Ligand code: BV8
Ligand code: ZN
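Following this line, the structure appears as structure tokens:
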């Protein structure tokens, strides 16, 4: 659907909705220069995320996995939130009950100013001990090929959720609760292939929410969505906010 066709029905709903939830994926950070997972320019295109973001990969080759995360962390220091992230900060101010559920570990929503964020897959800026789970705040370097360790002797790892690992319980509960009470649910910049994250829009729709997809290309959610905007989130989201705030200014 083209932007100009944004129906009055959706605008009316956005004008009157109170409870809104958003699920974001790597696509919302693409315009900041962060490679997506499954795009052509995917992260370290010679590897698949599923081969590096796993416990086995870390057990077999912790050096390679740490190099991948330090490379991504260094990239994160060089990029900024984009208008898509900023539009969600505005959205949080407009709706009384707003929850931003993200699969991204890039910390860009927090840096943009979003507050009520549910990090389903952790955050690449944080480290923790693989064994005891204690957070670790010092700089990580891979000097002399040694893997950094915790006082307990356990190996340190990035505080992200790897494939095959359970999501943080609190995060999963909060995300499902927000999805099931939402009147309006946006899924933005995700291929909707990774579970249980991709179940959030489905849970929202099942509970009666209006489902809006904003993504560069169709996904398995497109046919379920009430509205599907296919294009760049950094253009579509600001336009939605502009239409909404113009509208709300109407005396
Ligand atoms: C779990 C953190 C319980 C690490 C990540 C078979 C069926 C169903 C499920 C499974 C299955 N086999 C295994 C599973 C479970 C598995 C899973 O879902 N696998 C998938 C691949 C099939 N899930 C898990 O393992 C999860 N845990 O289930 O625990 C359990 C326990 C034990 C045994 C079984 C089950 C844990 C998953 C978390 C993995 N960690 N990240 C890190 O980042 O290093 S996932 C990783 O993928 C990122 O978090 C990323 O966000 C996420 C999803 O990818 P997307 O965000 O959607 O990114 P993608 O590139 O795919 O798509 C981007 C989209 O944006 C594209 O559509 C593109 O068109 C669009 N786009 C691009 N540019 C723009 C744009 N849109 C708008 N504007 C633009 N400018
Ligand atoms: Zn430890």
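Residue numbers (the numbering used here): 617 to 867. All C-beta atoms, glycine included, are put in the ideal place defined by N, C-alpha and C. Only a predicted model underlies this, so the values are computations on that prediction, with no experimental measurement involved.
Checklist entry - Beta carbon of residue 815, beta carbon of residue 830: below 8 Å? => result no
Next on the checklist: Below 8 Å on the Cβ atoms is my contact criterion, and I expect residue 781 with residue 636 to pass it. Report the Cβ-Cβ distance as a whole number of Å.
Outcome noted: Contact doesn't hold; Cβ gap of about 29 Å is too wide.
Checklist entry - Any chance the CB of residue 750 is under 7 Å from a heavy atom of the ligand ZN? => result yes
Item to check | For residue 664, the nearest candidate out of 675, 649, 681 (CA to CA) | outcome: 681
Next on the checklist: I need the DSSP call for residue 618, collapsed to helix, strand or coil.
Outcome noted: Residue placement at residue 618 cannot be trusted, given a pLDDT of 46 that sits under 50; what the coordinates show is reported in the next sentence. Three-state DSSP puts residue 618 in coil, outside helix and strand.
Checklist entry - What are the residues that DSSP puts in a beta bridge with residue 829? => result 803, 844
Next on the checklist: Here's a check: name, in chain order, each residue in its chain whose Cβ is nearer than 7 Å to the Cβ of residue 714, leaving out the five neighbours to either side.
Outcome noted: 636, 707, 708, 732
Item to check | Coarse secondary structure for residue 716, derived from DSSP in three states | outcome: strand
Next on the checklist: To the nearest angstrom, how far is the alpha carbon of residue 618 from that of residue 774?
Outcome noted: Bear in mind that a pLDDT of 46 at residue 618, under 50, signals an unreliable position, so the model cannot answer this.
Item to check | Opening and closing residue of the beta strand (DSSP E) in which residue 741 lies | outcome: 738-745
Item to check | Residue-level contact to chain D via CB, residue 675, 8 Å cutoff | outcome: Among the protein chains of the structure shown there is no chain D, as only one such chain exists.
Checklist entry - Grouping DSSP H, G and I as helix and E and B as strand, with all else coil, what is residue 690? => result helix
Checklist entry - DSSP three-state call for residue 771: helix, strand or coil? => result strand
Checklist entry - What are the start and end residues of the beta strand (DSSP E) that includes residue 637? => result 635-640
Checklist entry - Since residue 699 and residue 812 are thought to touch, with beta carbons under 8 Å apart, how far apart are those beta carbons, to the nearest angstrom? => result With 8 Å as the limit, residue 699 and residue 812 do not qualify as a contact, their Cβ atoms being about 29 Å apart.
Next on the checklist: For residue 858 and residue 627, what's the separation of their Cα atoms in angstroms?
Outcome noted: 11 Å
Checklist entry - Would you report the Cα separation of residue 691 and residue 648, rounded to the nearest angstrom? => result 11 Å
Checklist entry - Do you know how far the Cα of residue 809 is from the Cα of residue 654? => result 10 Å
Checklist entry - Can you tell me whether residue 769 is buried or exposed, with buried defined as 16 or more other CB within 10 angstroms of its CB? => result exposed
Item to check | CB-CB length for residue 678 against residue 740, believed under 8 Å | outcome: Residue 678 to residue 740, Cβ: 16 Å. No contact.
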